[in-house]
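Numbering (the working numbering), first residue to last: 57 to 701.
Note that CB positions come from ideal geometry on N, CA and C, so glycine has one too.
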């Protein structure tokens, strides 16, 4: 069942002992309903709670079907709060304006993602369907050009569901704006659409409309794999947009655009018939999973616990923060209602203000009430991580931090940010192989987090896997996130010095390390370079001549700048023929590419960057692979990374 963080063991015993007192309460009656993948707390009845959770399960299942996914990552805890009445919902609604805000809203967070629904409105879940599918894309699909996400989320937001039926593909925009624009406007060319970025066109309705109908066409004609091939051609092979379209789709951009326009005209009547204003008809498709087969379990909420969880969510809304703080203080002050969630919420709030003394005190209170609450253990680890980040010192209580994170991951084995922090802790503790495994797990669970890739590069650096570190840093140095790119460029500049002397150049060591941001605002977002923290512990090798001249500063000369390997990195797909590990730890990998065999050398196969396999095997033969390599060296090329399909 769903990884519920609401542990009710002792409070439920009290509830069982005093049912009459609870029944006599005038407070709303709150329940928690769990399914396999979600949990909702609500003061509505059990049927409405089941309906809410069924819609989320159905959305998840439809996402899996559209992208041909057998496994769906849920890489961050998701909390759903559903209010039965308009008044209750309005008490927590953000003041900002936005479409659909009267029905539902979402709150992204560093630690979890909240969806808040107004059950007094029909199908309120539809107001957050686009946010929900964007979250799933972030967890389950590699980085793409903006048109893909725009088109997919718009297409998905047209989804309508009942217990047994579904309909998708209508115009999701208000007043059928997309179809009107596409009928009356001159379309952007596909190279223009594909070459744009989100900042250029985020609020341009024509671009969104064209992205939507393009995705409509790709999904209806089973051409989504061709889109994946296009991204591979653009991102890995660095082909121009026009060439990438020709290679992936087998037609020119003009031919592809004509096919999309013809598709739009031919399907316009059906699209209009499926507009949002019309109810599901008898011709609607079967739902991806019917509500009656979605198993759920229902749990009573102890007094004060629901108020705590609502306040914990409201802390994240600036205009409701003071009210939430007062609510939490009231709960903590009442011995009958005091609970660990209230203390962990206060601790989270204290950490936002960098009041770490107060935070650790409240986390201690939470543990005293319930030492099995996973989110309290997560915040204990986050407290240590953030305190080290703020002070610029090593993590204090490193073993306890790792123990807390292992506890969290036993509860939720898909929590990407917990894996990231565990990787940082393991690296600082010297467990580089374990750190590599942890950061790779984080990357698989959240493939769009380039700060995770940066951390992997720094782990490779500590492990002296110089080629693998260089390959990742060179890729990141061209990233669209300027802070990620800047951090990678700085690390690339420092790498030859660290490789040769064990320390970065003087100007780099003295400079403040650039901070890295992430769209999700995670712990990684503002963490200083862990590579820089570790560098402080390194000492440059000292010769006897240097030892004898320690006090003669004039005799110490700065090292000459080492030569940076500027050979370009090539990408190729082929078939792995054999592996020769006789010169261990080096290995020679023979790969057939376009009718030619190339021999690629890795200096240490145990440190080689792998994708698709956990460990390198000297026995591999006849495997489809993708490789990144630098031509030349002691063989046909130096192997940088190997992806096994």
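Exercise for review: Could you tell me the boundaries of the beta strand (DSSP E) in which residue 526 lies?
Suggested key: Segment 522-532 is the alpha helix (DSSP H) holding residue 526; no beta strand (DSSP E) there.
Practice item. Taking only runs that begin and end inside the stretch 93-141, name each unbroken alpha helix (DSSP H) of 4 or more residues, in chain order. Key: 102-122
Review point. If residue 219 sits next to residue 348, beta carbons under 8 Å apart, how far is it from one beta carbon to the other, in whole angstroms?
Key: 7 Å
Practice item. Assign residue 674 to buried or exposed, taking buried as 16 or more other Cβ atoms, counted over all protein chains shown, within 10 Å of its Cβ. Key: exposed
Review point. Nearest to residue 179 by CA position, among 172, 87, 190 and 108, is which residue?
Key: 108
**Study point:** Under the three-state DSSP convention, the category residue 350 falls into
**Key:** coil
Check your understanding: Does the distance from the CB of residue 264 to the CB of residue 205 come in under 8 Å?
Key -> no
Exercise for review: Grab me the residues of residue 667's own chain with a C-beta within less than 6 Å of its C-beta, minus the 5 sequence neighbours each way, in chain order.
Suggested key: 699
Practice item. May I have the straight-line CA-CA distance separating residue 460 from residue 230, to the nearest angstrom? Key: 47 Å
Practice item. Label residue 452 either buried or exposed according to how many other C-beta atoms from any shown protein chain fall within 10 Å of its C-beta, with 16 as the threshold for buried. Key: exposed
Check your understanding: For residue 630, which three-state DSSP category applies?
Key -> strand
**Study point:** 8 Å contact criterion, which residue 527 and residue 535 should meet: CB distance rounded
**Key:** Wrong, their Cβ atoms sit about 14 Å apart, outside the cutoff.
Point to revise | First through last residue of the alpha helix (DSSP H) which encompasses residue 191 | key: 185-196
Review point. Looking only at its own chain, which residues have a Cβ that is under 7 Å from the Cβ of residue 345, when we skip the five neighbours before and after it?
Key: 113, 114 and 117
Exercise for review: Taking only the alpha-carbon atoms, compute the straight-line gap between residue 560 and residue 552 and give it to the nearest angstrom.
Suggested key: 8 Å
Review point. Quick one: what's residue 6 bridged to in DSSP?
Key: Here the chain covers residues 57 to 701 and nothing more, so residue 6 does not appear.
Check your understanding: By how many angstroms is the C-alpha of residue 335 removed from the C-alpha of residue 268?
Key -> 22 Å
Review point. Does the Cβ-Cβ distance between residue 304 and residue 282 come in under 8 Å?
Key: yes
Check your understanding: Is DSSP giving residue 461 helix, strand or coil here?
Key -> helix
Review point. Considering only residues of the same chain and omitting the five flanking positions on each side of residue 689, which have a CB-CB separation below 7 Å?
Key: 657
Check your understanding: With a CB to CB cut of under 7 Å and the five nearest residues on each side skipped, what residues in its chain are close to residue 402?
Key -> 384 and 418
Check your understanding: Between residue 705 and the rest of its own chain, which residues show a CB-CB distance below 6 Å, the 5 nearest in sequence each way excluded?
Key -> With the chain running from 57 to 701 in the structure shown, residue 705 is simply not present.
Exercise for review: Starting from the Cα of residue 236, find the closest Cα among 261, 251, 362 and 222 and give me that residue.
Suggested key: 261
Practice item. Tell whether a beta-carbon distance below 8 Å holds between residue 364 and residue 387. Key: yes
Check your understanding: Which residues mark the beginning and the end of the alpha helix (DSSP H) in which residue 546 is found?
Key -> 538-557
Practice item. Put residue 698 into one of helix, strand or coil per three-state DSSP. Key: strand
Practice item. Return helix, strand or coil for residue 568, following the three-state DSSP convention. Key: At residue 568 the pLDDT is 46, less than 50, meaning the model places this residue with poor confidence; the figure from the coordinates comes in the next sentence. If DSSP states are grouped into helix, strand and coil, residue 568 belongs with coil.
Review point. Do the stretch 243-250 and the stretch 129-142 meet, that is, are 3 or more Cβ pairs less than 8 Å apart?
Key: no
Check your understanding: Taking the alpha-carbon positions, what's the residue 148 to residue 423 distance?
Key -> 28 Å
Review point. Name the DSSP beta bridge partners of residue 401, please?
Key: Note: residue 401 sits in no beta bridge, so no partner.
Check your understanding: Identify the residues that DSSP records as bridge partners of residue 667: which are they?
Key -> 699
Exercise for review: Leaving aside the five residues before and after residue 313 along the sequence, list all residues of the same chain whose C-beta is less than 8 Å from its C-beta, in chain order.
Suggested key: 243, 245 and 246
Check your understanding: Grouping DSSP H, G and I as helix and E and B as strand, with all else coil, what is residue 683?
Key -> strand
Review point. From residue 639 to residue 275, what distance separates their C-alpha atoms?
Key: 49 Å
Review point. Roughly how far, in whole angstroms, is the beta-carbon of residue 400 from the beta-carbon of residue 435, given that I think they are within contact range, below 8 Å?
Key: 6 Å
Review point. Can the beta-carbon of residue 203 be found closer than 8 Å to that of residue 270?
Key: yes
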